[in-house]
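Numbering (the working numbering), first residue to last: 1294 to 1869. Notes for the one structure printed next.
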């Protein structure tokens, strides 16, 4: 069973793409700017809050470094997990249009609530710069703060789960053109990265220079523009409603296979043995995960099928299509898990801000880079790596080989994992030198002191993290969208975000374990609030070691999975 390319993620019964001058037809390229602006401004508004959030929580709410970092990780985890729920709901019930609309409004409400915490002094714990410690926030103050994070996470789930697939719904079918497919994904993420970059750099500067009230107020305005731009073109969109309950559909296959566990598998190739829909082109189940084939075996046609040819009890008999869809989802899980460790590496950006703030950030005598900007350099390198790949590497390789050449999806993911290992190793080396220099300069008890070491030494980490994100993330999404069926396109586009959600939880758990274990018996924690007394470099080396093991695991999973559908089609074309 073949899954359609991204350009085919439209309902087969929908109209063809309208001409640009046809004002009565729906869909087409004219709708994409509204969808992309909505997605870009949502990310711009959301991500610009992240770089300085640890400073806001520690200075305004009096939280400890580890507690604040854990809260940020949990917020990120929720924001990356809710898109998978949004994908299920949009594909099964409400459709992508309403899911994006709900997400836009929820994000706007969450950002407005967070902005109110800066406007109303009583909404947060009293904390003065002259004080050594701040009052602990009350339950009500924390409830307001957590509610704002929860609403923003729900909003992210609505918008990010459906934007990519909703944009694809607007395009007519173009055939299985891997070049258009790959370029669409590359530039979609390049545009998103550019929006994040602009928001993070500009907003961090505003937060540093104009304070939290203005700095958190502008994202509210941006999110309002995001929602308005989306609803402005409502009458032009192709709106495909959810047709199947994916929750029950996914659950029915293993239940039916278990109920039919006593039914023997036949070695005969006969279509009549298996249940399939009349319009289906998939008449026989595949040989992989054969025990699931029992879910679609017809035991007694009179009892198992209705007069119309449908299953009498879908929990005892499933179609071949449904079984193959479930198999596709199960088969990608091992490779999906390999992206978790990479996301753990990328989630260390809060510590990067703390380290940058203790280093010399001057480019010249009159200009100093804000510490929060260092998290944005990775976005710059994501854009540069994608542009380099699209405009230099692919054309050059194609010219040398005499045919269209590009990395396949698993090669991209592998490149990303290796780059991530190099990135975290470089950060460990830099932190080791920074800490040693801080002690030599007598700053052991002063974590706010600036050591005589340029913060630009942190850039190698950003360069390789940019390559890791550009290669692995694009490769992951291309892999999921090509391997999963059309009915699960929203889920496919949300799986990498789900991996990031799990990674945030893993990173939070690692932080707590390392902090608790290393501070036993009176020892200073590796993750001490005083970064000059802690050993953040040891923590980075731990992550680097786990990343190397993860890469070995990826190689095994990649070999066990076999060729992807795109690779099979490419091989068939070359043989022909």
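No residue lacks a Cβ here, since even glycine has one placed at the ideal position from N, Cα and C.
*Use the C-beta contact count for residue 1739: other C-beta atoms within 10 angstroms, 16 or more gives buried, fewer gives exposed.*
Position 446 of the chain shown, counted from the first residue, corresponds to residue 1739. Residue 1739 is exposed by the Cβ-count criterion.
*In angstroms, rounded to a whole number, what distance separates the CA positions of residue 1620 and residue 1687?*
Counting from one through the chain shown, the residue named residue 1620 turns up at place 327. Counting from one through the chain shown, the residue named residue 1687 turns up at place 394. Approximately 33 Å, taken between the alpha carbons.
*Measure the Cβ-Cβ separation of residue 1766 and residue 1652 and say whether it is below 8 Å.*
Translated into positions along the chain shown, residue 1766 becomes position 473. Translated into positions along the chain shown, residue 1652 becomes position 359. It is not a contact, given that the beta carbons lie outside the stated cut-off.
*Closer than 6 Å by C-beta to residue 1545: which residues in its own chain qualify, once you throw out the five before and the five after it? Chain order, please.*
Translated into the one-based positions of the chain shown, residue 1545 becomes position 252. Closer than 6 Å at the Cβ level, and outside the excluded window around residue 1545, lie 1607, 1608 and 1611.
*Can we say the segment 1506 to 1519 touches the segment 1319 to 1334, given the rule of at least three CB pairs closer than 8 Å?*
yes
*residue 1676 to residue 1666, Cα distance in whole Å?*
Here residue 1676 refers to the residue found at position 383 of the chain shown. Here residue 1666 refers to the residue found at position 373 of the chain shown. In a straight line, the C-alpha of residue 1676 is about 16 Å away from that of residue 1666.
_Taking its Cβ as the centre, do 16 or more other Cβ atoms sit within 10 Å of residue 1809, making it buried, or is it exposed?_
Mapped onto the chain shown, residue 1809 falls at position 516. With fewer than 16 Cβ atoms within 10 Å of its Cβ, residue 1809 is classed as exposed.
*According to DSSP, which residues form a beta bridge with residue 1604?*
In the chain shown, the residue the question calls residue 1604 occupies position 311. Looking at the DSSP assignment, residue 1604 forms a beta bridge with 1598.
*Can residue 1789 and residue 1774 be called in contact, C-beta distance under 8 Å?*
The residue given as residue 1789 occupies position 496 in the chain shown. The residue given as residue 1774 occupies position 481 in the chain shown. No, Cβ-Cβ distance for residue 1789 and residue 1774 is not below 8 Å.
*Who are the Cβ neighbours of residue 1444 in its own chain at under 6 Å, not counting the five residues just before and after it?*
Position 151 of the chain shown, counted from the start, is the residue given in the question as residue 1444. Contacts found: 1399, 1402 and 1403.
*Please report how far the alpha carbon of residue 1467 lies from the alpha carbon of residue 1515, in whole angstroms.*
On the chain shown, position 174 is the one that residue 1467 refers to. On the chain shown, position 222 is the one that residue 1515 refers to. Here residue 1467 scores only 47 on pLDDT, less than 50, and its place in the model should not be relied on; the value that follows carries that caveat. Residue 1467 and residue 1515: Cα-Cα distance of roughly 34 Å.
*asked:* Report the CB separation of residue 1373 from residue 1805 in whole angstroms; it is logged as a contact under 8 Å.
replied: Position 80 of the chain shown, counted from the first residue, corresponds to residue 1373. Position 512 of the chain shown, counted from the first residue, corresponds to residue 1805. Not a contact, Cβ separation roughly 19 Å.
*If we count Cβ pairs, one from each stretch, closer than 8 Å, do we get three or more for the segment 1689 to 1696 versus the segment 1501 to 1512?*
No, because fewer than three Cβ pairs between the segment 1689 to 1696 and the segment 1501 to 1512 fall closer than 8 Å, the two stretches do not touch.
*DSSP beta-bridge partners for residue 1590?*
What you label residue 1590 is simply residue 297 of the chain shown in a count that begins at 1. Residue 1590 is bridged to 1567.
*Should the segment 1796 to 1804 be called in touch with the segment 1633 to 1641, which here means at least 3 C-beta pairs below 8 Å?*
yes
*If we count the other Cβ atoms within 10 Å of its Cβ and call it buried at 16 or more, is residue 1564 buried or exposed?*
Counting from 1 along the chain shown, the entry for residue 1564 is found at position 271. It is exposed - the Cβ of residue 1564 has fewer than 16 other Cβ atoms within 10 Å.
_Nearest to residue 1347 (by Cα), restricted to the options 1511, 1664, 1491 and 1396_ = As a first step, residue 1347 must be located in the chain shown, where it is residue number 54. Checked all of 1511, 1664, 1491 and 1396; the closest Cα to residue 1347 is 1664.
*How would you write the range of the beta strand (DSSP E) that residue 1656 sits in, first residue to last?*
Position 363 of the chain shown, counted from the first residue, corresponds to residue 1656. Run containing residue 1656: 1655 to 1657, per the beta strand (DSSP E) assignment.
*Please specify which runs of the alpha helix (DSSP H), each continuous and at least 4 residues long, are wholly inside the segment 1502 to 1551, giving them in chain order.*
1505 to 1525
*Between 1486, 1389 and 1441, which lies nearest to residue 1680 when the distance is taken from Cα to Cα?*
Here residue 1680 refers to the residue found at position 387 of the chain shown. Cα-wise, what sits closest to residue 1680 is 1486.
*Buried versus exposed, by CB contacts within 10 Å (16 or more), residue 1689*: Translated into positions along the chain shown, residue 1689 becomes position 396. So residue 1689 ends up on the exposed side.
*Where residue 1395 and residue 1754 are concerned, what is the direct C-alpha to C-alpha distance, given to the nearest angstrom?*
Numbered from 1 along the chain shown, position 102 holds the residue referred to as residue 1395. Numbered from 1 along the chain shown, position 461 holds the residue referred to as residue 1754. Cα-Cα distance, rounded: 37 Å.
*Spatial distance of residue 1424 from residue 1353 (CA atoms)*: Numbered from its first residue, the chain shown carries residue 1424 at position 131. Numbered from its first residue, the chain shown carries residue 1353 at position 60. In this prediction, residue 1424 has a pLDDT of 46, which is less than 50 and means its spatial position is unreliable; what the coordinates show is noted afterwards. Residue 1424 and residue 1353: Cα-Cα distance of roughly 12 Å.
*Is residue 1661 helix, strand or coil by DSSP?*
As a working mapping, residue 1661 is identified with position 368 in the chain shown. Residue state, collapsed to three classes: strand.
*By Cβ distance below 6 Å, which residues in the same chain neighbour residue 1708 in space, the five residues on each side in sequence not counted?*
Translated into the one-based positions of the chain shown, residue 1708 becomes position 415. The residues are 1764.
*If you follow the alpha helix (DSSP H) that residue 1753 is part of, which residue opens it and which one closes it?*
Locating residue 1753 in the chain shown gives position 460, counting from the first residue. For residue 1753, the enclosing alpha helix (DSSP H) begins and ends at 1752 to 1761.
*Indicate whether residue 1823 and residue 1732 have their beta-carbon atoms separated by less than 8 Å.*
By one-based count along the chain shown, residue 1823 stands at place 530. By one-based count along the chain shown, residue 1732 stands at place 439. No, these two residues do not count as a Cβ contact at 8 Å.
*From this set, 1852, 1566, 1641 and 1385, which residue's C-alpha is nearest residue 1597's C-alpha?*
Sequence index remark: in the chain shown, residue 1597 carries index 304 (1-based). Answer by Cα proximity: 1566.
*asked:* The alpha helix (DSSP H) that contains residue 1404, what's its start and end?
replied: Residue 1404 sits at position 111 when you count from the first residue of the chain shown. Element bounds for residue 1404: 1389 to 1412.
_Residue nearest to residue 1390 in terms of C-alpha spacing, selected from 1717, 1525 and 1729_ = Mapped onto the chain shown, residue 1390 falls at position 97. Selected option, being the one with the closest Cα: 1525.
*Reducing DSSP to helix, strand and coil, say where residue 1849 ends up.*
Here the question's residue 1849 lines up with position 556 in the chain shown. Correct three-state label for residue 1849: helix.
*Excluding the 5 residues preceding and the 5 following residue 1758 in the sequence, name in chain order all residues of the same chain whose CB lies nearer than 8 Å to its CB.*
Here residue 1758 refers to the residue found at position 465 of the chain shown. For residue 1758, where only same-chain residues beyond five positions count, the Cβ hits under 8 Å are 1638, 1639, 1671, 1674, 1712, 1713 and 1716.
_For residue 1624, the first and last residue of its enclosing alpha helix (DSSP H)_ = Walking along the chain shown from the start, residue 1624 turns up at place 331. Here the alpha helix (DSSP H) through residue 1624 covers 1613 to 1639.
*With a threshold of 16 other CB atoms inside 10 Å of the CB of residue 1555, please say whether the residue is buried or exposed.*
Numbered from 1 along the chain shown, position 262 holds the residue referred to as residue 1555. Looking at its Cβ environment, which holds fewer than 16 other Cβ atoms inside 10 Å, residue 1555 is exposed.
_Rounded distance between the beta-carbons of residue 1441 and residue 1410, thought under 8 Å_ = By one-based count along the chain shown, residue 1410 stands at place 117. By one-based count along the chain shown, residue 1441 stands at place 148. Residue 1441 and residue 1410 do touch by the CB rule: their CB atoms are close to 7 Å apart, below 8 Å.
*Just mark residue 1593 as buried or exposed, buried being the case when its beta carbon has 16 or more other beta carbons within 10 Å.*
One-based indexing of the chain shown puts residue 1593 at position 300. It counts as exposed.
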